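This report refers to the structure that appears directly beneath it.
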Amino acid sequence: MTVDRRGFFKLAGLGALGLAGARSLPVLGNPAPAPSLPGPGPDGGVRWGMVVDLRACLNDEGCRDCIVACDHAHNIPQLPDRKHEVKWIWKDPYEEVFPMQTHEYLEDALHGHPALVFCNHCDNPPCVRVCPTQATWKREDGIVMMDWHRCIGCRYCVAACPYGSRSFNWVDPRSYIETIDPEFPTRTRGVVEKCNFCDERLARNQQPACVSACPHGALTFGNLADPTSTVRLLLKSRYSIRRKPALGTHPEVFYLV
Amino acid sequence: MYDAGKIITGLLVFLVLVTTPVWFNAATHAQARAPQLKLPEGVTACVEPTAEMRASHMDLLNEWRNAAVRSDERFFTMPDGKVYEKSLSLTCLKCHDNKEEFCDRCHNYLAVSPYCWDCHVEPKGGRS
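Those sequence lines, one after another, are chains A and B.
Count the first sequence with this note's numbering and you get residues 1 to 257, in order.
Count the second sequence with this note's numbering and you get residues 258 to 385, in order.
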């Protein structure tokens, strides 16, 4: 069989198309996991979530009991340089926490007042999608966990999180921890960290440290998959908002306003 | 070869000098001293037999780490019914509370430097 110049180019073009098609097939076959929406979970599933009563929290604006409890429980360093700060749970002004749910005539009770923030343990976590080592992943019960053994410090997750919930250890944190609790590891330089919903306490059937420490009952932790749970009843009876809902991350931390 | 006698003699002297420690040890029947580990008092058994622990405690720790952190399987039951937590800090170090005289002695002897302690906190007993 003889192939002329014209025929050769036709065949080559077809071959190139075929190769490109074959390459794109696995992509079509394995699409990125679709964002799973929070379901009612009648099968008795577990989906941990938190409800923050903003008003109850604002009644005592200077209170830092939950923050202190978390800092102690997780050996969180207190770094003097704000650029190096490591934060698991902290307070930010309402307008910064809910930029999509504010306006210039916002009521005085909220305007400029602090709102408690921590990792939202999103149902569709962008941090998990970008982690190249699966050092962060979403557990069956919805907790966005971190495996510090696996973190390579690339900080993709820090860039991906729209809530600023992740901190990077720019310096060795050990010398900045007041009293080290030997029951919980410290982190090392070059590792990202964030709120873990106290998975180590949940494993012992204990409430998260911040929830136990709150003297005002402003924090409620529970199973969102159970329609009769306290968190679900709270959400059913009162109006609640989530942070930056338009981003489609589906935060599992709700704020009663 | 020029000066073959001198060169060969020199080489022989060099070889003898270099291998002196070997001859010396062979003559005096000296043996390498194994590291002396301080075992925890009042405890007779670890979670696995001693030989097993000595050879593959690092594999066991890796398994525990993955099970506890990634699969949330934190507890295991021994054949005698005792329940332990899969935790370096909360289980291993409760008995082996002296890192310097237990972990470090062997690790230094073998010139390995595991990075467990970059994050996990050594018990107070190990600090002088």
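For every residue, glycine included, the Cβ atom is placed at its ideal position computed from N, Cα and C.
As the structure is a computational prediction, the values presented were derived from the model and not from experiment.
Where residue i and residue j are concerned, what is the direct C-alpha to C-alpha distance, given to the nearest angstrom?
i, j, result
"Leu367 (chain B)", "Phe359 (chain B)", "13 angstroms"
"Arg174 (chain A)", "Arg322 (chain B)", "21 angstroms"
"Leu14 (chain A)", "Asn120 (chain A)", "49 angstroms"
"Cys66 (chain A)", "Ala324 (chain B)", "29 angstroms"
"Arg317 (chain B)", "Trp88 (chain A)", "Checking the displayed sequence, the identity of residue 317 (chain B) turns out to be Leu instead of Arg. C-alpha separation (whole angstroms): 31 angstroms."
"Ile177 (chain A)", "His74 (chain A)", "10 angstroms"
"Leu269 (chain B)", "Met258 (chain B)", "17 angstroms"
"Pro245 (chain A)", "Pro251 (chain A)", "8 angstroms"
"Trp170 (chain A)", "Lys91 (chain A)", "22 angstroms"
"Asn205 (chain A)", "Asp199 (chain A)", "10 angstroms"
"Asp181 (chain A)", "Ala291 (chain B)", "34 angstroms"
"Pro77 (chain A)", "Asp147 (chain A)", "19 angstroms"
"Arg242 (chain A)", "Asp337 (chain B)", "49 angstroms"
"Glu342 (chain B)", "Phe332 (chain B)", "4 angstroms"
"Pro215 (chain A)", "Gly62 (chain A)", "13 angstroms"
"His314 (chain B)", "Glu140 (chain A)", "30 angstroms"
"Leu233 (chain A)", "Pro227 (chain A)", "7 angstroms"
"Thr249 (chain A)", "Lys381 (chain B)", "43 angstroms"
"Met335 (chain B)", "Val273 (chain B)", "56 angstroms"
"Cys363 (chain B)", "Asn319 (chain B)", "18 angstroms"
"Phe118 (chain A)", "Gly190 (chain A)", "21 angstroms"
"Leu58 (chain A)", "Ala225 (chain A)", "28 angstroms"
"Leu28 (chain A)", "Thr102 (chain A)", "With a pLDDT of only 40 at Leu28 (chain A), under the threshold of 50, the placement of this residue in the model should not be trusted, and no figure is reported."
"Ala289 (chain B)", "Val304 (chain B)", "29 angstroms"
"Lys263 (chain B)", "Val275 (chain B)", "18 angstroms"
"Asp172 (chain A)", "Leu294 (chain B)", "31 angstroms"
"Asp329 (chain B)", "Arg201 (chain A)", "12 angstroms"
By DSSP, does residue i sit in helix, in strand, or in coil?
i, result
"Asn30 (chain A)", "Below a pLDDT of 50, predicted positions are generally treated as unreliable, and Asn30 (chain A), at 40, falls in that range; no measurement from the model is reported."
"Ala308 (chain B)", "helix"
"Ile264 (chain B)", "helix"
"Asn323 (chain B)", "helix"
"Trp387 (chain B)", "Only positions 258 to 385 of chain B appear in the structure, and residue 387 (chain B) is not among them; the question remains open."
"Ser346 (chain B)", "helix"
"Met315 (chain B)", "helix"
"Gly222 (chain A)", "strand"
"Leu110 (chain A)", "coil"
"Val221 (chain B)", "In the structure as shown, chain B starts at 258 and stops at 385, and residue 221 (chain B) therefore has no counterpart that could be examined."
"Val270 (chain B)", "helix"
"Tyr259 (chain B)", "coil"
"Leu296 (chain B)", "coil"
"Arg243 (chain A)", "coil"
"Tyr366 (chain B)", "helix"
Answer yes or no: the CB of residue i versus the heavy atoms of the ligand PLP, is any distance below 7 angstroms?
i, result
"Tyr372 (chain B)", "Summarising the ligand content, the structure contains no ligands, and the ligand PLP is consequently not present."
Output yes or no for whether 8 angstroms exceeds the beta carbon distance between residue i and residue j.
i, j, result
"Tyr156 (chain A)", "Pro132 (chain A)", "yes"
"Val144 (chain A)", "Val158 (chain A)", "no"
"Asp53 (chain A)", "Ala218 (chain A)", "yes"
"Val253 (chain A)", "Tyr239 (chain A)", "no"
"Ala213 (chain A)", "Ala69 (chain A)", "yes"
"Ile379 (chain B)", "Lys351 (chain B)", "The sequence given here places Glu at residue 379 (chain B); Ile does not occur at that position. Not in contact: Glu379 (chain B) and Lys351 (chain B) (Cβ atoms no closer than 8 angstroms)."
"Leu235 (chain A)", "Val46 (chain A)", "no"
"Ser165 (chain A)", "Cys210 (chain A)", "no"
"Pro297 (chain B)", "His353 (chain B)", "yes"
"Asp375 (chain B)", "Thr179 (chain A)", "no"
"Gly112 (chain A)", "Pro99 (chain A)", "no"
"Val97 (chain A)", "Glu193 (chain A)", "no"
- [ ] Counting only runs of 3+ residues fully inside the stretch 62–100 of chain A, write out the beta strand (DSSP E) ranges in chain order.
- [x] The qualifying runs are 89–93.
Open item on the list: For a minimum of 4 consecutive residues, which ranges assigned as the alpha helix (DSSP H) are wholly contained in the stretch 128–160 of chain A?
Closed with: Runs found: 156–160.
TODO: Give, in chain order, every residue of the stretch 341–361 of chain B whose Cβ lies closer than 7 angstroms to some Cβ of chain A.
DONE: Within the stretch 341–361 of chain B, the qualifying residues are Ser346 and Leu347.
Task: Positions along the stretch 165–194 of chain A whose CB lies within less than 7 angstroms of some CB in chain B - done: When CB distances to chain B are screened at a threshold of 7 angstroms, the residues of the stretch 165–194 of chain A falling below it are Ile180, Pro182, Glu183, Pro185, Thr186, Arg187 and Thr188, in chain order.
Open item on the list: Against chain B, which members of the stretch 142–161 of chain A pass a CB distance test of less than 7 angstroms?
Closed with: Of all residues in the stretch 142–161 of chain A, those with a C-beta nearer than 7 angstroms to a C-beta of chain B are Asp147, Trp148 and His149, reading in chain order.
Task: Residues from the stretch 228–256 of chain A in contact with chain B, defined by Cβ distance under 7 angstroms - done: Taking 7 angstroms as the Cβ-Cβ cut-off against chain B, none of the residues of the stretch 228–256 of chain A qualify.
Task: Completely contained alpha helix (DSSP H) runs for the stretch 176–208 of chain A, where each covers 4 or more residues - done: You should have 199–202.
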